[in-house]
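In the numbering used here, the protein residues as written are 240 to 378.
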């Protein structure tokens with residue numbers, strides 16, 4: 240199983256994902272799991288990092304170390320007992336976080352979309368006023 244802390248390797252590396260979709264009647268401990276291996280740049284070296292999670296751990300049937308997601312986070316209408324779903328490691332976001340994120344995205348979109356038009360219009364108005372004031376003072 241994966242460790243409860245951060246795992247990282249900053250050297251040149253590549254990852255290998257291994258999926259084991261063994262049948263449920265298979266009683267081996269390796270059935271239904273995801274394995275992640277991080278290799279360095281030397282060909283014959285063992286993996287620098289390796290972590291393994293069962294599908295039950297990833298879908299919430301059993302707990303991961305440090306996991307704060309609750310069973311209700313994994314329950315969904317219309318899903319059978321054999322279906323697997325993945326939920327964020329720290330649980331689902333609260334309604335406050337969810338709606339705040341939507342509001343921030345809306346404000347950022349509006350700012351980035353309308354700001355160029357506002358700046359262009361303001362620049363046009365300022366230049367036109369200055370041009371008119373110079374034209375009036377010449378007369």
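C-beta: ideal position from N, C-alpha, C; glycine also.
Item: Contacting residues, own chain, Cβ-Cβ under 8 Å from residue 250 (five flanking each side not counted); Value: 279, 280 and 287
Item: Residue nearest to residue 430 in terms of C-alpha spacing, selected from 298, 290, 368 and 293; Value: Absent from the model: residue 430. The displayed extent of the chain is 240 to 378, so no value can be given.
Item: Beta bridge counterpart(s) of residue 274 as assigned by DSSP; Value: 257 and 291
Item: Sub-7 Å separation of residue 276 and residue 289 beta-carbons; Value: yes
Item: Supposed contact pair residue 271 and residue 293 - C-beta distance, whole angstroms, cut 8 Å; Value: 6 Å
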